[in-house]
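With this note's numbering, you'll find the sequence shown wraps up at 2189, consecutive numbering, no jumps. Comments concern the structure below.
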Amino acid sequence: MAAGASVASRRAGGQSLPGARQQRGAGAVTMLLLLGMLVGMLVLVEVGYIYWVKREAQKIADLSALAGAQRLDLCVGGLDNSAAREIATVANRFTGTLQVRCGNWAMGNAAQDHFVVSTDEVLVNAVQVVARQSVVPFFSTSSGLTVSASAVARHAVPTAAFSVGSRLLNVNSEAPLQGLLRLVGADLDATQLLSYNALADVQVTPRGLLSALGVGIDADLTVGEINSLLQAESLSVGQLLDVVTTIASQQQLPLIDITALRSALRQSPLGNLDAVTIRLGSGPDGGGLLSQLTGTTDAANAALDTNLNVLDLVGAAITIASGKHAITLEELGTLGGITAKAAVVEPASLGIGAIGTTAYNAQIRVNLDVDTDKLAVVGSVLKLLGIRVHLPVFVDVVDAFGELTGIDCSGEVPTATIAVTSSISNICVGQPVGDWASTQDMCVSPGSLLNADLATLFGKSVLSTQLQVPSLASHQEVTLPAGEVATVAPNQLAVGTLVSNLVAELLDAVDSLLSPTDSSSATAANLANQYLQATKDSNGRYNINAVVAALQNGYGDLGALGTWNTPIPSCTGSIIPSCKLVNGDVWAGFRYETTNPDTSLLGGLLSALGVTSCTGLLTNLLNYNNCVANSLAKYVATNPAGVKAPTSNAASCTGVLCALLRPVIQGTLEPLLNSVGSVLSSTLANVFGLELGRSDVHVQAVQCRSSQLVY
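This is the structure in C-alpha cells:
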C-alpha cells in the first residue's frame, strides 16, 4: 500500500511539473517584450533626437540664407557671406560647420536647387547655406553621425504699384465710382454706391487675377515673355467684375452686388461697356490694364506678386472700355474759323514693379481746326480767289509721366518716391497717321504725323509740311506710403504763354510763304551776316565755332538751319597738295576753307600767307571777317531747301504769292490764331474744370520683402 501511495504521489507530482515550467517561460517572454519596448523607445528617442538636430540645422540654414540674401554686398568671392555666418554662429550659437556660398538662383539653372555659384555682382542674387552638425548615436559603434541641411534664399526686389492721373478721372474715397461713372453716362445713386465701397478693401495680385482667369505664369518666364503673355490675354469689364466678386468672397468680405453697376454700364451712351474687351497688358502703344513690366526677371515676378486695390482696377477698366478715353466732347463750339474738339485721353495706367517702373497719362488732347474756308464773309471771297489756309492743330494739354525712383523699406511704414514730369504742352500741326484721339503720343513720336497741305493758292498746294512745338515741363517728386494720394502742383506756365508760343510757331510756318526761298548770293550773304553778327566775339571778330553751332542748333531768335551734304574740298599730299571736291558735311567744308588744316608743305605755306585760309598771316591781319563772311555765304547758298530771306528783311517779299497771301495772313489769320487762347481757356476751365498741369499720384502698394526662401 505504501508503495502504491508513493507511486501515486509521484504521479501527482509529475502532473504538476509542466504547469510550473510554463509559468517560468511566461515571465521570460514578458521580460523579452519589455526589453523590446525599451529598445524601441530608445530607438525612437534617438530618431527623434536626430530629427531634432536635423530640424535645428535646417532652421540655421534657413535663417542664415535669409540673412545673407538681405546683405548680398557682404558676399566675398562667391564663397562666404559674413551676415549669413554671423546669424548662425553668434545669434544662434551653432557649433557645427557652415558652408556659405553666393551665386545666382533662377528656375532655368540645371541644379536641383536652381543655384549656381557666381562671383559676378550683376548675377549674384541669392545665398546658399549648408549646415552640418555631428550627432553621437546611442547605440552605434561609430564615433558620430553627420546631419546636414541646406537652404537657398534670394534677394527679393522691393516693388510698388502706383498710377499718375488727371484730377478729372480722380476716384476719391467718399465716392469711389460716382465721378467716373458720370463721365461715361452710367450714374448710380448714393445708396447703390455705398455697396461698392467694399471694393476698396479687396486686394489682388496680378498673378492672382490671372489665376482666377485660368492663366498660369511659370516662374522661369523672362520679362519679355511675361509682357507678351499679358498682352495676349484679355477680359471684358463684366468678367473683371465677376472675378472681383469671387475674390471678395474668398477674402471673407461682405457680398458685393454688382447687378446695378453692370446694368448702368450696359445702358451707357457710349455703348455696352460691360461687354467691351480690354487687354490685360500694355503694348508699346499702351492700351492695357497694366503697364509694361520692366527690369530683370526677378523684378517682373515680384511685380506680379504685388497687391493691388481692386477698386482701382475696376475704375481703370471702365475708363479703358469707354473707347480708351473717359469721355469725348465733339464740336465744343466754332469760334470764327476755328472748330475745336477735345478728348479726355486714356486713364492712368497702373505702374507695377521695381525702381524704374513708369506710368504715363496724357490728360487732354485738343484739336483746333483752323480753316479760312469757315470764315463767314472773308472765307467766301478767299474761295473765289482759290486761297485757303488750313491748319490742323493738336495740343496735348498736360502730359503727366511718373517714374518710380526709390523705395524706402527702413521705416516702420515703407514709402515709394515717384518723380513726376508734367508738361504744357506738346503741340503739333499735321495730318495724323491714325485716330487723333488715340493713346499714341502723337506730337512727339516719329512717324505719327504726315505732312498736311497748310496753304493752297488757286487750288494748288504751296505749303505742305508738319510742325512740332517742344513742350515746357516741370519736374517734381512725391514720397508716399501705400494708399496715399498726392496732388502735384500745376505747371506755372500761363495759358497766355502757351498760346503765344503756339501762335508764334504757326505764324512762322505760314510766314515761310511770305519769305520766298532762293539761293541768290545776296540772300545767302544777308542770312550769313545775321548769324555772324549774333555770335561774334566782344572785339568784333567772327567766331567760327560759335557760328557753326548757331547754324546747326539755332541761336536766340535765329532758327536752326541744320546740316546737309554738299561738295567740299579735300586735299592730300605731303609736299604739293592734290585737291578735289568730295560730297561731305557743309560745315566741315566751311571750317576747312576758313581754317585750312592742310598739312602739306605748299598748302601750309599758302595758308600761312593767307592765300588759302582766313586765318593765314595776311588775311588774318587785313581781311579776316570779310573772308569768313564770303565763305559762309557761299556754303549757306548750297542749302538744298533754298535760302529763306531773313526775318529782319521781310519788306523784300514782293512776289505775286506774297501780295496775295499777305492780307490773309496779317488781316485774317493772325487775329484768328490769337483767339486760340480763349478757346483753350474756356475748354479747359468751363467744360473740364481743370487746372493746367495738376495731376494725382496714387501709391497703391509698397512691398518690401527683402529676401525669401526659394529652396
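From the three backbone atoms N, C-alpha and C, an ideal C-beta is built for every residue, glycine too.
Neighbourhood of Asn-2042 by C-beta distance below 7 Å, restricted to the same chain and skipping five residues each side: Numbered from 1 along the sequence shown, position 564 holds the residue referred to as residue 2042. One detail in the question is off: residue 2042 reads as Trp in this sequence, not Asn. Val-2064, Asn-2117, Pro-2118, listed in sequence order.
Does the beta-carbon distance from Phe-1593 to Ile-1538 come in below 9 Å? What you label residue 1593 is simply residue 115 of the sequence shown in a count that begins at 1. What you label residue 1538 is simply residue 60 of the sequence shown in a count that begins at 1. The answer is no: Cβ separation not under 9 Å.
Check: Contact between the segment 1875-1891 and the segment 1906-1915: three or more CB pairs below 8 Å?
Finding: no
Quiz item: Thinking C-alpha only, which one of Val-1754, Val-2175, Leu-1768, Ala-2027 is nearest Ala-1964?
Solution: Counting from 1 along the sequence shown, the entry for residue 1964 is found at position 486. Measuring from the Cα of Ala-1964, the nearest candidate turns out to be Val-2175.
Which same chain residues end up closer than 6 Å to Ala-1668 when comparing Cβ atoms and leaving out the 5 residues on each side of it in sequence? Position 190 of the sequence shown, counted from the first residue, corresponds to residue 1668. Below a pLDDT of 50, predicted positions are generally treated as unreliable, and Ala-1668, at 44, falls in that range; no measurement from the model is reported.
- Grab the span of the alpha helix (DSSP H) containing Trp-2042 for me, first residue to last. Here residue 2042 refers to the residue found at position 564 of the sequence shown. Here Trp-2042 belongs to no alpha helix (DSSP H), and DSSP marks it neither H nor E.
query: Looking only at its own chain, which residues have a Cβ that is under 6 Å from the Cβ of His-1441, when we skip the five neighbours before and after it?
result: Outside the modelled stretch of the chain, which goes from 1479 to 2189, sits residue 1441, for which no answer is possible.
Query raised in the report: Hey, out of Leu-1510, Val-1554, Leu-1576, whose CA is closest to Leu-1541's CA?
Result: As a first step, residue 1541 is located in the sequence shown; it is residue number 63 there, counting from the start. The residue with the shortest Cα to Cα distance from Leu-1541 is Leu-1576.
Got a sec? Which residues, its chain only, sit under 7 Å from Asp-1558 by beta carbon, not counting five neighbours each side? Within the sequence shown, the letter at position 80 stands for residue 1558. Counting only Cβ-Cβ distances below 7 Å, and skipping sequence neighbours, we find Val-1578.
*Out of Asn-1603, Ala-1609, Ala-1726, which has the shortest C-alpha to C-alpha gap to Arg-1563?*
Here the question's residue 1563 lines up with position 85 in the sequence shown. Closest option to Arg-1563, Cα to Cα, is Ala-1609.
Going by DSSP in three states, Glu-1955 sits in which element: helix, strand or coil?
Within the sequence shown, numbered from 1, the residue matching residue 1955 stands at position 477. Correct three-state label for Glu-1955: strand.
Three-way DSSP call (helix, strand, coil) for Leu-1887 in this model = As a working mapping, residue 1887 is identified with position 409 in the sequence shown. First, the amino acid is wrong: residue 1887 is Cys here, not Leu. If DSSP states are grouped into helix, strand and coil, Cys-1887 belongs with coil.
For Val-1722, which of Val-1701, Thr-2001, Asp-1598, Pro-1684 has the nearest alpha-carbon? Here residue 1722 is taken as the residue at index 244 of the sequence shown, counted from 1. Closest by alpha carbon: Pro-1684.
- What number of angstroms, rounded off, separates the C-alpha of Ala-1878 from the C-alpha of Glu-2071? Translated into positions along the sequence shown, residue 1878 becomes position 400. Translated into positions along the sequence shown, residue 2071 becomes position 593. Ala-1878 and Glu-2071: Cα-Cα distance of roughly 48 Å.
Worksheet item: Tell me, which residues are paired with Val-1848 by DSSP?
Response: Reading the sequence shown from its first residue, position 370 is the one you call residue 1848. Beta-bridge pairing links Val-1848 to Ile-1816, Leu-1869.
DSSP three-state assignment for Ile-2054, whether helix, strand or coil: Counting from one through the sequence shown, the residue named residue 2054 turns up at place 576. Residue placement at Ile-2054 cannot be trusted, given a pLDDT of 47 that sits under 50; the coordinates are not used to answer.
Looking at Ala-1780 and Ala-1832, is the spacing between their C-beta atoms short of 9 Å?
Translated into positions along the sequence shown, residue 1832 becomes position 354. Translated into positions along the sequence shown, residue 1780 becomes position 302. Against a cut-off of 9 Å, the Cβ pair of Ala-1780 and Ala-1832 comes out as a contact.
> Can you name the residues that DSSP bridges to Ser-1612?
Replying inline: As a working mapping, residue 1612 is identified with position 134 in the sequence shown. DSSP, once it has assigned bridges, lists Thr-1624 as partnering Ser-1612.
Exercise. In angstroms, rounded to a whole number, what distance separates the CA positions of Val-1792 and Leu-1719?
Worked result: Working through the sequence shown from its first residue, we reach residue 1792 at position 314. Working through the sequence shown from its first residue, we reach residue 1719 at position 241. Rounded to the nearest angstrom, the gap between the Cα atoms of Val-1792 and Leu-1719 is 7 Å.
**Asked** For Leu-1928, does the count of other Cβ atoms within 10 angstroms reach 16, so buried, or fall short, so exposed?
**Response** Numbered from 1 along the sequence shown, position 450 holds the residue referred to as residue 1928. Classification for Leu-1928: exposed.
Report the start-end ranges of each alpha helix (DSSP H) in the segment 1502-1577 that is 4 residues or longer and not cut off at the edges. 1560-1564
TODO: Rounded to whole angstroms, what's the CA-CA distance from Lys-2112 to Ala-2024? Just pull it up for me.
DONE: Locating residue 2112 in the sequence shown gives position 634, counting from the first residue. Locating residue 2024 in the sequence shown gives position 546, counting from the first residue. Between Lys-2112 and Ala-2024, the C-alpha separation is close to 18 Å.
DSSP on Pro-1994, reduced to helix/strand/coil?
-> Along the sequence shown, read from residue 1 onward, the residue named residue 1994 stands at position 516. Low confidence applies here, because Pro-1994 scores a pLDDT of 49, under 50, leaving its location unreliable and the question unanswered by this model.
task: Under the assumption that Pro-1959 contacts Val-2177 (Cβ atoms under 8 Å), give the Cβ distance between them as a whole number of angstroms.
output: Numbered from its first residue, the sequence shown carries residue 1959 at position 481. Numbered from its first residue, the sequence shown carries residue 2177 at position 699. About 7 Å; that satisfies the 8 Å criterion.
- prompt: Among residues of its own chain, excluding the 5 on either side of Thr-1934, which ones have a beta-carbon nearer than 6 Å to its beta-carbon?
  reply: Within the sequence shown, the letter at position 456 stands for residue 1934. For Thr-1934, where only same-chain residues beyond five positions count, the Cβ hits under 6 Å are Arg-1866.
Alpha-carbon to alpha-carbon, Ala-1930 and Leu-1862: Counting from 1 along the sequence shown, the entry for residue 1862 is found at position 384. Counting from 1 along the sequence shown, the entry for residue 1930 is found at position 452. C-alpha of Leu-1862 to C-alpha of Ala-1930: approximately 22 Å in a straight line.
Quiz item: When the cut-off is 9 Å and only beta carbons count, does Ala-1832 lie next to chain D?
Solution: This model lacks chain D altogether, as it is built from one protein chain only.
Practice item. Reducing DSSP to helix, strand and coil, say where Phe-2068 ends up. Key: Indexing the sequence shown from 1 puts residue 2068 at position 590. Here Phe-2068 sits in helix by DSSP.
>> If contacts are defined as beta-carbon pairs under 8 Å, then Val-1642 and Gly-1864 qualify, I think. What distance do you get, rounded to the angstrom?
In response: Here residue 1642 refers to the residue found at position 164 of the sequence shown. Here residue 1864 refers to the residue found at position 386 of the sequence shown. Not really, about 48 Å apart at Cβ, beyond 8 Å.
Count the other CB atoms, across all protein chains shown, that sit within 10 Å of the CB of Val-1858; report buried if there are 16 or more and exposed otherwise. Sequence index remark: in the sequence shown, residue 1858 carries index 380 (1-based). Checking the displayed sequence, the identity of residue 1858 turns out to be Ser instead of Val. Around the CB of Ser-1858, fewer than 16 other CB atoms lie within 10 Å, so the residue is classed as exposed.
**Prompt:** Name the DSSP bridge partner or partners of Trp-1583?
**Reply:** The count along the sequence shown starts at 1 and reaches residue 1583 at position 105. DSSP output for Trp-1583 lists Phe-1593 as bridge partner(s).
Please report the straight-line C-alpha distance between Gly-1925 and Thr-1637, rounded to a whole angstrom. The residue you call residue 1925 lines up with position 447 of the sequence shown. The residue you call residue 1637 lines up with position 159 of the sequence shown. About 35 Å.
Applying the criterion that 16 or more other CB atoms from any shown protein chain within 10 Å of the CB defines a buried residue, is Phe-1872 buried or exposed?
Your numbering for residue 1872 matches position 394 in the sequence shown. Label assigned to Phe-1872: buried.
One or two residues paired with Pro-1910 in a DSSP bridge: The residue labelled residue 1910 in the question sits at position 432 within the sequence shown. Looking at the DSSP assignment, Pro-1910 forms a beta bridge with Leu-1927.
From Gln-1728, Leu-1688, Arg-1744, residue whose alpha carbon lies closest to that of Arg-1757: Residue mapping note: residue 1757 aligns to position 279 of the sequence shown, counting from 1. The option with the nearest alpha carbon to Arg-1757 is Leu-1688.
For Tyr-2189, three-class secondary structure by DSSP: Indexing the sequence shown from 1 puts residue 2189 at position 711. Residue state, collapsed to three classes: coil.
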